[in-house]
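Remarks on the structure that follows.
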């Protein structure tokens, strides 16, 4: 069964009769009558196994022509027999109880079992592909025999997502590693169910020093197991060649191929009382008169109940009326009600699953929440990227919104700060009203009853500062020690006494540039005009070219201060970086990335405005008149709407357009939410809230029942009907209403017919029988009745049409011109060559050229020997040559030694 030349592998699914192993192969054919006439008497090896496998697959396809390549793999796994080979070593039991071997896969192929199962098999659900995150941790691979590296990866199998895999078909482990030599490395992947598969076995002849870079290793030994759980990857050295030094695992990740729902859904085996679907052309048109007459319900256009055999107008719950057989057939197991057999043909879901896009999911995709009453996945508010319990109970926000509690807002409120990376509002310290971080030193403004000093909020300002009306601690002006305003002193520094609300010198007046401690006059610091001490920060007034700033005389005020009429640097109001005065509204630029609005620096723009600009130029710019909050001035940049309007996408509208319904939300106000895709108008979410349907669905008790992909809605008959063959999808009856085609045909965009691609001589094809196709995509460009050069056409992916490409036309013209130039130089070269091969007259050169072009005598001409020329021949020839030269006007003089030709008989 296993040829001696075959290497063990994790990819082998089955085996067949060959040689080297004792199995239950029946060789009695050798002893039958006329055995000498058989094609073989010792049919073994791959000459036997491969044709036998192909024949068994052909029998299965004959029993069920709808089988796909994945269906065939399921049949092989489920019907192969390990029993005849259990005497061989290496068998293991998988996590779902199947026997598997690296030599023989799941066992010996069984033709009878495979055909029986094929008759009952329904097409497997669509394949999902789930990729885990990469583990980029670098690990050392031991190079000593017997030692190994084991790493683990925990995965959910994309649970709750569209690519969820609960039933594995194939698994790929993608690794990047270095190990020398590669052939001494063994890699084993172990599933959460305990199945071990050797995805790489030692290979004694692989001595390459190359690394495995992003190299995929696949296994089919985990068939049917769940993907979720902890996977183990084991790497170790093994083989006759020892590795000189340890290896290195750089990165690895897993890719699961499989399905979310159980792929095994069998129907009863067909027998005489069952209706076999008619695949003839008449059936493809959906005519009831052409349906099998064995169904007694066909005449009344009713459906035959599978349980009672009676004719019913509507099938019971869990079943649908098949338009092919006019019988009630079972819905997909996930569906409570449906309109077709597939997992995406559901109208309602069983308990524990929720409807989205006509399929039933265990968990709702991101952007929706599971409604346990409707059993639908209901779309979140437009600001939420994730929500639960209801549409406005958000757990994550979309771009331009920030999560505060469970609401998504356009800006964070006071007491919080926005985190652009995570789109979350984080709390400030309790003393801060606004902030740049969570610490008490990160305040930008303070809560009521607190004043800001050097990034902190205090209930009282420190000495030499007073409590400003804007919530900031402001500096007193010397020589005040305490004050209630810039120039209203409450106490004085040393050597000064309080006189009303100002401080006066307590001792002798020494004049400018001096101060008098205890009655003695001492010189001020050189930068001061007057002072109360000798230090540079003890100035009271400054020279004319300086300004006073917090006790010092400087050239200009610091940022956040302005110079008043007395050349004193006075702190701007609030968080102004620049200002023209202390009064409210005098700011011209802001600090801490605050936003300037009406001369004030604020944390967030008010309703009706949005932040614009950057750095010192950040301003609150007005939103469009229809928006309450926005991200730009455009009418399509709204984040929320004023009363009387609803948010539709990013636009505020007075009335929700068709295909949407009105829903109110506390955070965003009114919103226009899309209806189910089958509804053209609705009153709420889900397929059961429709008031009108799209062109491919039929309204039945507020539910829009869609047509199947290969059907169209007949307005006159108010029912779904089969598309005409060979349309895969269509807009109506007939072969000229196709939207897509069956395999092997392409859609002609001019006639809407499905046609084969024209051969290379398309211009001679019968009009309407084929279409000119794009060589790369094999898509039809135009039919033969509209012939034109398709090389000048370019495909517009947005519209699906072909337009004239100016670039391609220009390239064609350039090519023609280049060809003409090349032809000129070729002919010129030939003339030069002919002239260099013996001289003679111009006519002689052209005659020789003609001789060369004709194949040097291949047309029955040959050169006469020079000795046979006669005088009369020469004279007659010269006369004719002169006539030709004058007629063509391209000869300037005659030359001698013309060569004479005559016809050879």
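Residue numbers (the UniProt record's numbering): 1 to 905. Positions of the beta carbon are idealized from the N, C-alpha and C atoms, including for glycine. If you're wondering where the values come from, they're calculated on a predicted model, not measured in any experiment.
Asked: What's the gap between the Cα of residue 67 and the Cα of residue 75?; Found: 10 Å
Asked: Could you give the DSSP three-state label for residue 62: helix, strand or coil?; Found: helix
Asked: Roughly how many whole angstroms lie between the Cα atoms of residue 256 and residue 163?; Found: 9 Å
Asked: DSSP on residue 200, reduced to helix/strand/coil?; Found: strand
Asked: Can you tell me whether DSSP reads residue 625 as helix, strand or coil?; Found: coil
Asked: Answer yes if the region 54-71 comes into contact with the region 95-106, meaning at least three C-beta pairs across the two stretches below 8 Å, and no otherwise.; Found: no
Asked: Nearest CA to the CA of residue 396: which residue from 379, 422, 376?; Found: 422
Asked: Assign residue 640 to buried or exposed, taking buried as 16 or more other Cβ atoms, counted over all protein chains shown, within 10 Å of its Cβ.; Found: buried
Asked: With which residues is residue 906 paired in a DSSP beta bridge?; Found: Only positions 1 to 905 of the chain appear in the structure, and residue 906 is not among them; the question remains open.
Asked: Run the CB neighbour count on residue 214, radius 10 Å, all protein chains shown included, and call it buried at 16 or more, exposed below.; Found: exposed
Asked: Could you tell me the distance, in whole angstroms, from the CA atom of residue 541 to the CA atom of residue 398?; Found: 57 Å
Asked: So what does residue 611 bridge to, in DSSP terms?; Found: 620
Asked: Could you give the distance in angstroms between the alpha-carbon of residue 168 and the alpha-carbon of residue 263?; Found: 10 Å
Asked: In the structure shown, what three-state DSSP assignment does residue 11 receive?; Found: coil
Asked: In this structure, does DSSP put residue 530 in helix, strand or coil?; Found: strand
Asked: Does the region 680-687 touch the region 653-663, meaning 3 or more C-beta pairs lie closer than 8 Å?; Found: yes
Asked: Quick one: residues in its chain with C-beta nearer than 7 Å to the C-beta of residue 533, no 5 flanking neighbours on either side, listed in chain order?; Found: 515
Asked: What first and last residue would you give for the alpha helix (DSSP H) that runs through residue 78?; Found: 69-79
Asked: What are the boundary residues of the beta strand (DSSP E) that residue 748 is part of?; Found: 746-748
Asked: Are there 16 or more other CB atoms within 10 angstroms of the CB of residue 308, so buried, or fewer, so exposed?; Found: exposed
Asked: Count Cβ pairs between the region 587-599 and the region 614-630 that sit closer than 8 Å; are there 3 or more?; Found: yes
Asked: State the beta-bridge partners of residue 597 as determined by DSSP.; Found: 600
Asked: For the 8 Å Cβ check, are there 3 or more pairs between the region 734-751 and the region 769-782?; Found: yes
Asked: Going by alpha carbons, who is nearest to residue 12 out of 175, 199, 484, 129?; Found: 199
Asked: Kindly list the residues whose CB is nearer than 6 Å to the CB of residue 435, restricted to its own chain and excluding five residues on each side of it in sequence; keep chain order.; Found: 417, 428, 442, 443, 444
Asked: Distance, Cα to Cα, residue 839 vs residue 828?; Found: With a pLDDT of 46 at residue 839, under the threshold of 50, the modelled position of that residue is not reliable, and the figure given next carries that caveat. Rounded to whole angstroms, residue 839 to residue 828 spans 16 Å at the Cα level.
Asked: Closest to residue 250 by C-alpha separation, out of 177, 188, 464, 621, would be which residue?; Found: 177
Asked: Can the beta-carbon of residue 180 be found less than 7 Å from the beta-carbon of residue 243?; Found: yes
Asked: Do you know offhand how far residue 63's Cα is from residue 157's?; Found: 34 Å
Asked: Could you spell out where the beta strand (DSSP E) holding residue 538 opens and where it closes?; Found: No beta strand (DSSP E) holds residue 538; DSSP gives it neither H nor E.
Asked: Does the Cβ-Cβ distance between residue 259 and residue 195 come in under 7 Å?; Found: no
Asked: Which residues in the same chain as residue 449 place their Cβ atom closer than 7 Å to its Cβ, once the five residues preceding and following it in sequence are excluded?; Found: 459
Asked: Around the Cβ of residue 545, are there at least 16 other Cβ atoms within 10 angstroms (buried) or fewer (exposed)?; Found: exposed
Asked: In the structure shown, what three-state DSSP assignment does residue 182 receive?; Found: helix
Asked: Sorted by chain position, which residues of the same chain lie with C-beta nearer than 8 Å to residue 606's C-beta, five sequence neighbours on each side aside?; Found: 597, 620
Asked: In the region 339-372, which residue ranges form an unbroken beta strand (DSSP E) of at least 3 residues, counting only runs that do not cross its ends?; Found: 346-349, 354-356, 359-361, 368-371
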